[in-house]
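Novice: The following block contains the structure, expressed as structure tokens.
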Amino acid sequence: MPETTPAPCAPEDVRRIACIGAGVIGGGWVAHFLARGYEVTAWDPAADAGDKLRRLVAAAWPALEQIGLAEGAAPDRLTLAPTLAEAVADADFVQESAPENLELKRSLLAELAAATRPGVVIASSTSGYPMTDMQTAAGDAGRLVVGHPFNPPYLIPLVEVVGGKRTDRAAVDWASRFYDLAGKSVITMDRELPGFIANRLQEALWREALHMVANGEATVTDIDASITEGPGLRWAFMGPCLTFALAGGEGGMAHMLDHFGPSLKSPWTRLAAPELDRELRDAMVDGCADAAGGRTYADLVAERDQGVIDVLRATGRLGSTRR
């Protein structure tokens, strides 16, 4: 049964956010929230987490400046807390971004629910676990939700929000409203689904790519080019459903399904995952190295970030920087 605890403030009144876990995703959240003008307190158990986090924020800041910063936004509004309890003591919202380990998530969310002020919404950045499975050990579980971002969270707008069986619907609505005010594009899911929506679609494409590499049917470079030079250009502003509807001409999706429906029985995809053996693993690793063409990780990150900015700007989706 859902558990109800009133939130201590409205989404519009959030001032301080606690980010628990400061790796790639958690650090990306930190950069995003700082750019939106919030005070951010971060905690991570790794000894070098603070230095890495500041480097990540510094690397992300030029891209965020291009997008446009909220009034008062600054990297120095970041505080590094020595303990989890101190990180969440005065937080108006908590974003948890620990590694994808179910037992770790369970214990961490239980600890957060005990340490955070009553009613403060706690969101998990999990990329696949249902909240129902993660909130089993937590008291006051009604304010626990999934807030699933995409990497890097400071640039990719999408966040998928959904609660578990013990989550109060008001907490889901609160989180969705908050993320919207914080500049995200929000999908509020009506029910739990392992992997959520976008990851399940990504996974289907990824598994098919692995099959083609494993069978020698295509190279990593071929596969990536088939998306970036093909449907990916359309997907940047129109999803697969509307894209296929256009394939039906003026008859739309109905004509497309009537005309092309029989092809769905053709053996075009193999959704069962292939065995990720050493040979396939090495083929993927070597193929990505070839595709990088000597570019470093930093080069590729900068290229990706600029590409996302250009697409967002070109399609009019940068939005307002005001809260």
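Residue 1 is where the sequence shown starts when you use the UniProt record's numbering, and the numbers rise one by one after that. Think of the CB as a built atom: it goes at the ideal place given N, C-alpha and C, for glycine as much as any other residue.
Run the CB neighbour count on Q95, radius 10 Å, all protein chains shown included, and call it buried at 16 or more, exposed below.
Specialist: As a first step, residue 95 must be located in the sequence shown, where it is residue number 95. With 16 or more other Cβ atoms within 10 Å, it is buried.
Novice: Work out the CA separation of F150 and D299 for me, nearest whole Å.
Specialist: As a first step, residue 299 must be located in the sequence shown, where it is residue number 299. As a first step, residue 150 must be located in the sequence shown, where it is residue number 150. Going from the Cα of D299 to the Cα of F150 covers about 20 Å.
Novice: Taking its Cβ as the centre, do 16 or more other Cβ atoms sit within 10 Å of I227, making it buried, or is it exposed?
Specialist: As a working note, residue 227 is residue 227 in the sequence shown. Answer is exposed; the Cβ neighbour count stays below 16.
Novice: By how many angstroms is the C-alpha of E160 removed from the C-alpha of M238?
Specialist: For the purposes of this step, residue 238 is taken as residue 238 along the sequence shown, with counting starting at 1. For the purposes of this step, residue 160 is taken as residue 160 along the sequence shown, with counting starting at 1. Those two C-alpha atoms are separated by around 18 Å.
Novice: What residue from L312, G294, D222, A138 has the CA that sits closest to P2's CA?
Specialist: One-based indexing of the sequence shown puts residue 2 at position 2. Out of L312, G294, D222, A138, A138 has the C-alpha closest to the C-alpha of P2.
Novice: Measuring straight from C-alpha to C-alpha, what distance separates A285 and T219?
Specialist: In the sequence shown, counting from the first residue as 1, residue 285 sits at position 285. In the sequence shown, counting from the first residue as 1, residue 219 sits at position 219. First, the residue type needs correcting, since residue 285 is Val and not Ala in the sequence shown. Straight-line Cα distance between these residues: approximately 11 Å.
Novice: Taking Cβ positions, are T87 and I17 nearer each other than 8 Å?
Specialist: The count along the sequence shown starts at 1 and reaches residue 87 at position 87. The count along the sequence shown starts at 1 and reaches residue 17 at position 17. Contrary to the premise, residue 87 reads as Ala rather than Thr in this sequence. No.
Novice: Just list the beta strand (DSSP E) runs in the stretch 150-202, keeping only unbroken ones of 3 residues or longer that don't cross its boundaries, in chain order.
Specialist: 158-163, 185-188
Novice: Span of the beta strand (DSSP E) holding Q306?
Specialist: As a first step, residue 306 must be located in the sequence shown, where it is residue number 306. Careful: Q306 lies outside any beta strand (DSSP E), inside the alpha helix (DSSP H) at 297-314.
Novice: What's the gap between the Cα of T116 and the Cα of E229?
Specialist: Stepping through the sequence shown from its first residue, residue 116 is reached at position 116. Stepping through the sequence shown from its first residue, residue 229 is reached at position 229. For T116 and E229, the distance between alpha carbons rounds to 47 Å.
Novice: Given 8 Å as the limit, is there contact between the stretch 33-50 and the stretch 9-16, that is, 3 or more CB pairs closer than that?
Specialist: The answer is yes - the stretch 9-16 touches the stretch 33-50, with three or more Cβ pairs under 8 Å.
Novice: Tell me the start and end of each unbroken beta strand (DSSP E) in the stretch 76-148 that is at least 3 residues and wholly inside, in chain order.
Specialist: Qualifying beta strand (DSSP E) stretches, in chain order: 78-80, 93-96, 122-124.
Novice: To which residues of the same chain is G128 closer than 8 Å at the C-beta, ignoring the five residues directly before and after it?
Specialist: Taking the sequence shown and counting its residues from 1, one reaches residue 128 at position 128. E100, P194, G195, F196, N199, listed in sequence order.
Novice: From this set, L112, P75, I67, which residue's C-alpha is nearest T83's C-alpha?
Specialist: As a first step, residue 83 must be located in the sequence shown, where it is residue number 83. Comparing Cα positions, the closest option is L112.
Novice: Measuring straight from C-alpha to C-alpha, what distance separates A214 and A175?
Specialist: What you label residue 214 is simply residue 214 of the sequence shown in a count that begins at 1. What you label residue 175 is simply residue 175 of the sequence shown in a count that begins at 1. Going from the Cα of A214 to the Cα of A175 covers about 42 Å.
Novice: When you compare the stretch 56-75 with the stretch 294-309, are there three or more beta-carbon pairs, one atom per stretch, that lie closer than 8 Å?
Specialist: In this structure the stretch 56-75 touches the stretch 294-309; the number of beta carbon pairs closer than 8 Å is three or more.
Novice: Can you name the residues that DSSP bridges to T41?
Specialist: By 1-based counting over the sequence shown, the position of residue 41 is 41. For T41, which the question treats as bridged, DSSP gives the partners A18, T79.
Novice: Run through DSSP, which three-state label would R9 get?
Specialist: The residue labelled residue 9 in the question sits at position 9 within the sequence shown. According to the sequence provided, residue 9 is Cys. The question's Arg does not apply to it. In the three-state DSSP reduction, C9 falls in the coil class, being neither helix nor strand.
Novice: Do D290 and T221 count as a contact pair if the criterion is CB distance below 8 Å?
Specialist: By one-based count along the sequence shown, residue 221 stands at place 221. By one-based count along the sequence shown, residue 290 stands at place 290. Yes; because the gap between Cβ atoms is below 8 Å, this pair is in contact.
Novice: For a test of the three-state rule: what should DSSP assign to G26, helix, strand or coil?
Specialist: As a first step, residue 26 is located in the sequence shown; it is residue number 26 there, counting from the start. Look at G26 here: in three-state DSSP terms it is helix.
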